[in-house]
Amino acid sequence: MSIYQRIAVIFVALFSLSVWAQNDKPTADDAKAFQQKLSDITIKPYHQPLAATGRDASCQLCHGAKTPTTPANDSNCLTCHGSLDQIAAMTEPKSKEGHPEPNPHNSIHYGKDVPCSTCHSEHKPSQVYCNSCHLFKYPNMKP
Amino acid sequence: MSNSKKTLPPDSINNPTRRSFLTKGALLATGGVMSLTMAPTQAAPVTINVPETVTGGRTRFHQIYDVIVVGSGFAGLAAALEAKSHGLSVLVIEKMAVFGGNSTINGGAFAVAGSPQQKEAGIQDSPELMYQDMLKAGRGLNHRDILHVLVNGTQEAYEFTLKHGVRYKPFVQHFGGHSVPRTLQTVESSGAGIIMPMRQSAQKLGVIFKSRCKFESFIQDNQQTVVGLEVKENYYFPDENSGLVKNYGARYGVIMCSGGFSNDLRFRMIQDPQLVSDLDTTNHQGATAEGILAMLKIGATPVQLDLIQLGPWSSPDEKGFGNVSQFNTIAGYPMGIMVDARTGKRFTNELADRKAREDAILVQRDEQGKPVYPICFTNKEGAKNAQSLPAALKYQVAWQFDTLKQLADHFALPYENLQKEVDEYNTAVANGSGDRLGKDVSRAISLAEGPYFAVRVWPKVHYTMGGVQINPNAQVLNSLTGNPIQGLYAAGEVTGGPHGASRLGSCAVADGLVLGRIAGAHVATQTANPLFSTSDSDNA
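If you read the protein sequences in the order shown, they are chains P and U.
Take the first sequence: its position 107, counted from the start at 1, is 119 in my numbering, and no numbers get skipped.
Take the second sequence: its position 356, counted from the start at 1, is 368 in my numbering, and no numbers get skipped.
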């Protein structure tokens, strides 16, 4: 262990102690409030069956081991939904007749590079990023 | 790559006080623990004593590169590719989730003086003629040194884009305010046709790209040299509470290609109070002012910040640039006419420069000051190159009519006036000249035959001509001394000068590509900052 790492451990320890010193011990009420907060978080209907796995409450299914302060990493979405190429293929217009809506997962401006969370949200309404300039209608996009 | 931390001896002059050292030491050490949990691909951060004037003392650099480019539009990619081609390690940061900024959503129209397409069409052109056109549109407010650099670099920049895989339509277009057709357009009809291949090319060559990485502020040493940036990684626009602050070092320099501020309502209204919130913008959401403000903060010279251009071809019936804008530039304006919705009469030269047209349109208001949207239309022949027309019809922001009478009835225009106006216009077209409003009708077509395609028009905030002052090497100049701020370059819309009062259409792509390349090439002529000389070459 280098000197820096030792210093680090000491500081982490000191910091943690001071936090505990300032706060009361977590109570049953706190735990309840935390559970309440978790259950208040919107989970969209199409993802609710995942609750059956019993893993949803941990948030880890989508957010990984990190504390979920930011949207899920794309790679976690892709674990279930397939590769970027597969997703792009699924939304490719079947025919070019009648001027169909362009493929949102393989667009002129960004190709297949748009992170999932640019449009899709789990805990709040999703919105189509393209529509900050366009009038596209994607009736199959889940809200 | 080594995992051992490098610490330079404390600077004897700027020796930090014991107290501040302790605080910083604590932060550094806890950061050290966190770094152990980071992905192994991350380079070891280095702590360097930067004799700073701004934040003082020891600065922990999480990553060090030769060149850092802020922004991933035309200027940013051109600068990155150029710097990379000189063997430097280059990082491009982009605050949005997606790359390309405004450049990738723009029309992909690029003014080139002396293109092969012009030669094929028998059009005589030269950088000097382009210079005169831009000076005229700019009302003489152009910074001539930068303008010279711009017009002289378009042909080379065109070749440069071809080299990186950009493809253009085989014909040349005549945009308003240009004395000859000189505008090339990507086959995609979008700047994405330049951005996507250039970014792929840059990635192949080893340029590193980070999205959701927001520029926060400059890190300078005590000579005011810019030695790096503070950024927020994992930044989720527009949530200012998101993101993790990191410091990046730049051995050779930082190139600011952060674009304009058309979508920064607060800042644009400070500069031009007429540009209120009910005027939409064609720009993407990220077109905000923090990049330029940060440069002003460290002494950059502001240039003409209140010169803000509206696009005179957009539609009130759709958001952003939309589908109508391209219809108007390709078809409506060169191949058709625009009339006052109350009188059915034309009121401006449809091929005048943007400022002339926007001024003429913006006074089309009723007694209450509410907009009376003018109608622009052409016929089927005139619209044959307008690729966005099917989409415009589909979303009902453009309409098709078999006869002029139907068109007039739909918009409640006085039909007799309209017919008279069209007849008069057709006469000028038949003669090849003599238009009442001075339009160049030598390439126009007669509007005698239907069917007609019509749209409503209202300008949108489109481009900020102003920005920071640069010299012909794209170095940002200090407002007090007029000398370059060492380590700081800028290119593209964030700079001011070349366009003066009004930018000509398709000259922004030229500006970004030409000056971006110059910035990337010039930064490569510098020597690496000795501050970083003991650190590992870790990120290249």
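For each residue, glycine too, the CB sits at the ideal point set by N, CA and C.
Being a predicted model, the structure only gives us computed values, none of them experimental.
Next item on the list: Whole angstroms is fine: what's the gap from U/LEU419's alpha carbon to U/LEU363's?
Entry: 22 Å
Margin query: Can you tell me where the beta strand (DSSP E) holding U/GLN75 begins and where it ends?
Written below: 75-82
Check: Which two residues bound the contiguous beta strand (DSSP E) that contains U/CYS388?
Finding: 387-391
Checklist line | U/SER445 to U/GLN185 span [Cα, whole Å] | finding: 19 Å
Check: Listed from N- to C-terminal order along the chain, which residues in the segment 241-255 of chain U have their beta-carbon within a distance smaller than 8 Å of any beta-carbon of chain P?
Finding: ASN246, TYR248 and SER254
Next item on the list: Tell me where the alpha helix (DSSP H) around U/ALA92 begins and ends.
Entry: 86-97
Notebook entry, point to check: Are the C-beta of P/CYS145 and some C-beta of chain U separated by less than 8 Å?
Noted result: yes
Note to self: Residues of chain U with CB closer than 9 Å to the CB of P/PRO127, please, in chain order.
What the structure shows: ALA109, VAL110, SER223 and ARG224
Checklist line | Residues of the segment 392-409 of chain U with Cβ closer than 7 Å to any Cβ of chain P, in chain order | finding: PRO402, ALA403, LYS406 and TYR407
Next item on the list: Would you decide whether P/LEU46 is buried or exposed? Buried here means 16 or more other CB atoms lie within 10 Å of its CB.
Entry: Correcting the residue type first, residue 46 of chain P is Phe in the shown sequence and not Leu. Classification of P/PHE46: exposed, given that the 10 Å Cβ count is below 16.
Next item on the list: Can you pull the chain U residues whose beta carbon is under 8 Å from the beta carbon of P/THR130, in chain order?
Entry: ALA109 and VAL110
Margin query: Checking 8 Å against the spacing of the C-beta atoms, do U/GLN338 and U/SER201 come in under that value?
Written below: yes
Notebook entry, point to check: Between U/LEU492 and U/MET307, what straight-line distance do the alpha-carbon atoms span, to the nearest angstrom?
Noted result: 13 Å
Next item on the list: Determine which residues share a DSSP beta bridge with U/GLY623 and list them.
Entry: The structure shown does not extend to residue 623 of chain U, since chain U is modelled only from 13 to 552, so the question has no answer here.
Checklist line | Given U/GLY499 as reference, the closest of U/GLY261, U/PHE73, U/GLY203 and U/LYS107 once Cα atoms are compared | finding: U/GLY261
Next item on the list: Report yes if the CB atom of U/GLN197 is closer than 8 Å to the CB atom of U/TYR180, and no otherwise.
Entry: yes
Checklist line | DSSP beta-bridge partners of U/LYS226 | finding: U/LYS244
Notebook entry, point to check: Counting Cβ pairs closer than 8 Å, one from the segment 268-286 of chain U and one from the segment 121-135 of chain U, do we hit at least three?
Noted result: no
Note to self: With a threshold of 8 Å between beta carbons, is U/GLU228 in contact with chain P?
What the structure shows: no
Margin query: I'd like to check one pair, U/ASN361 with U/LEU449: are the Cβ atoms closer than 8 Å?
Written below: yes
Next item on the list: Compute the Euclidean distance between the alpha carbons of U/ASP452 and U/TYR464, then round it to the nearest angstrom.
Entry: 21 Å
Checklist line | Residues of its chain near U/PHE73, where Cβ-Cβ distance is below 7 Å and the 5 sequence neighbours each way are ignored | finding: PRO57, VAL58, ILE60, GLY240, ASN259, TYR260 and GLY261
Next item on the list: For P/GLY123, return the contacting residues in chain U, with the cut-off set at a CB-CB distance below 8 Å.
Entry: MET208
Notebook entry, point to check: Beta-carbon of P/ILE120 versus every beta-carbon of chain U: anything under 8 Å?
Noted result: yes
Note to self: At a CB distance below 7 Å, what residues from the segment 112-132 of chain U approach chain P? Give them in sequence order.
What the structure shows: GLY112, THR116 and ILE117
Check: Would you say U/GLY332 faces chain P, with C-beta separation under 8 Å as the test?
Finding: yes
Margin query: Quick check on U/GLN297 - is its C-beta less than 8 Å from some C-beta in chain P?
Written below: yes
Next item on the list: Return the first residue and the last residue of the beta strand (DSSP E) that U/GLY323 is part of.
Entry: 320-323
Note to self: Here's the rule: buried if 16 or more other CB atoms are within 10 angstroms of the residue's CB, otherwise exposed. What is P/ASN152?
What the structure shows: exposed
Next item on the list: Take U/PHE249 and list the residues in its own chain whose beta-carbon comes closer than 8 Å to its own, dropping the five residues that flank it on each side.
Entry: LYS107, MET108, ALA109, ARG224, LYS226, GLN297 and GLY298
Notebook entry, point to check: U/ALA204 touches chain P at which residues, Cβ-Cβ below 7 Å?
Noted result: ILE120 and HIS121
Notebook entry, point to check: Tell me, which residues are paired with U/PRO314 by DSSP?
Noted result: U/VAL480
Checklist line | Members of the segment 501-531 of chain U near chain P, C-beta cut-off 7 Å | finding: none
Check: Which residues, in chain order, does the segment 183-200 of chain U contribute to contact with chain P at a C-beta distance below 7 Å?
Finding: GLU200
Next item on the list: Answer with yes or no whether the minimum CB distance from P/HIS75 to chain U is below 8 Å.
Entry: no
Next item on the list: Could you check the C-alpha separation between U/PHE333 and U/GLY112 for me, to the nearest Å?
Entry: 15 Å
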